[in-house]
Amino acid sequence: NAGVTQTPKFQVLKTGQSMTLQCAQDMNHEYMSWYRQDPGMGLRLIHYSVGAGITDQGEVPNGYNVSRSTTEDFPLRLLSAAPSQTSVYFCASSYATGTGVDFGQGTRLTVV
Amino acid sequence: GENVEQHPSTLSVQEGDSAVIKCTYSDSASNYFPWYKQELGKRPQLIIDIRSNVGEKKDQRIAVTLNKTAKHFSLHITETQPEDSAVYFCAATPKAAGNKLTFGGGTRVLVKP
Numbered sequence: 001n002a003g004v005t006q007t008p009k010f011q012v013l014k015t016g017q018s019m020t021l022q023c024a025q026d027m028n029h030e031y032m033s034w035y036r037q038d039p040g041m042g043l044r045l046i047h048y049s050v051g052a053g054i055t056d057q058g059e060v061p062n063g064y065n066v067s068r069s070t071t072e073d074f075p076l077r078l079l080s081a082a083p084s085q086t087s088v089y090f091c092a093s094s095y096a097t098g099t100g101v102d103f104g105q106g107t108r109l110t111v112v
Numbered sequence: 001g002e003n004v005e006q007h008p009s010t011l012s013v014q015e016g017d018s019a020v021i022k023c024t025y026s027d028s029a030s031n032y033f034p035w036y037k038q039e040l041g042k043r044p045q046l047i048i049d050i051r052s053n054v055g056e057k058k059d060q061r062i063a064v065t066l067n068k069t070a071k072h073f074s075l076h077i078t079e080t081q082p083e084d085s086a087v088y089f090c091a092a093t094p095k096a097a098g099n100k101l102t103f104g105g106g107t108r109v110l111v112k113p
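Protein sequences appear in the order of chains A and B.
Number 18 in this note's numbering belongs to position 18 of the first sequence; there are no gaps in the numbering.
Number 94 in this note's numbering belongs to position 94 of the second sequence; there are no gaps in the numbering.
Structure below.
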């Protein structure tokens, strides 16, 4: 199994541009989520999904959209990039509640 | 929602000594508490977890304790080694929350040889 795969690993955007961060898992996990990691602030939940067709907001959802059309994929869309969205983004998945999540390798995003 | 506080933010220990990281949580419904280790430039990796029906769990040199009454849990690393140097994160989630983890701010551990 490849586990959780994120693309791209690095990205530089200009303010106002849009883009999609890709996340795919091959473990048949129902639960998927997106976190952002900023220095000194741990990881904060952006959006999550408990199964195909079901998504919900996390702690910091503004400026981001998600969809879950398949069990495997959970893309994160930045609608209009802002410098405040400069961060490292991690996608994660798990097979059940109350279990550890597996993280992807992360995407380092810089918005200039 | 849940709020998790983690202390200290940095911890420097001599190789062979013990390290203790403490976290407090606010939501009494939280019942799953994982700990993650993140090396520089890498993804967080689960190292140990504990559920609310257990007070203590041990795995070789690491152990986690949970006090539900006081709403705090701790990570203990014994006989620290240089490879234990990393950032450690605690987290909490209620089972009914669909694995929405709330993380603490992290502890940077430096083990000095």
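Glycine included, every Cβ here is placed at the ideal spot set by N, Cα and C.
Could you give the DSSP three-state label for A:P61: helix, strand or coil? Translated into the one-based positions of the first sequence, residue 61 of chain A becomes position 61. Coil.
Straight-line CA distance for B:V54 to B:L66? Against the second sequence, residue 54 of chain B aligns to sequence position 54. Against the second sequence, residue 66 of chain B aligns to sequence position 66. So the alpha carbons of these two residues sit roughly 7 Å apart.
Are the region 50-66 of chain A and the region 26-41 of chain A touching by the rule of at least three beta carbon pairs closer than 8 Å? At 8 Å Cβ cutoff, the stretches touch.
Reference B:E39, options A:I46, A:T86, A:Q105, A:E72, closest by Cα: The residue given as residue 39 of chain B occupies position 39 in the second sequence. For B:E39, the closest of A:I46, A:T86, A:Q105, A:E72 by C-alpha to C-alpha distance is A:Q105.
Give me the residue from B:K42, B:L110, B:N31 with the minimum Cα distance to B:I77. Working through the second sequence from its first residue, we reach residue 77 of chain B at position 77. Looking at the Cα atoms, B:L110 is the closest of the given residues.
With distance defined between alpha-carbon atoms, name the residue in B:T102, B:S74, B:Y36 nearest to B:S26. As a position in the second sequence, residue 26 of chain B is number 26, starting the count at 1. Residue B:T102 is the option with its Cα nearest to B:S26.
Quick check: the Cα distance between A:K9 and A:R108, rounded to an integer number of angstroms? The residue you call residue 9 of chain A lines up with position 9 of the first sequence. The residue you call residue 108 of chain A lines up with position 108 of the first sequence. If I take the Cα positions, the gap works out to 6 Å.
Does the Cβ-Cβ distance between A:F90 and A:A24 come in under 9 Å? If you number the first sequence from 1, residue 90 of chain A lands on position 90. If you number the first sequence from 1, residue 24 of chain A lands on position 24. A:F90 is not a Cβ neighbour of A:A24, given a cutoff of 9 Å.
Please say whether B:G105 and A:G16 have beta carbons closer to each other than 9 Å? Position 16 of the first sequence, counting from 1, holds the residue named residue 16 of chain A. Position 105 of the second sequence, counting from 1, holds the residue named residue 105 of chain B. Taking 9 Å as the Cβ cut-off, A:G16 and B:G105 do not qualify as a contacting pair.
Short CB-CB distance (under 9 Å) between B:G106 and chain A: In the second sequence, counting from the first residue as 1, residue 106 of chain B sits at position 106. It does; some Cβ of chain A falls within 9 Å.
Cβ-Cβ separation, B:Y88 to B:K37 (assumed contact under 8 Å), whole Å: The count along the second sequence starts at 1 and reaches residue 37 of chain B at position 37. The count along the second sequence starts at 1 and reaches residue 88 of chain B at position 88. Yes, B:K37 and B:Y88 are in contact; Cβ-Cβ is about 6 Å, under 8 Å.
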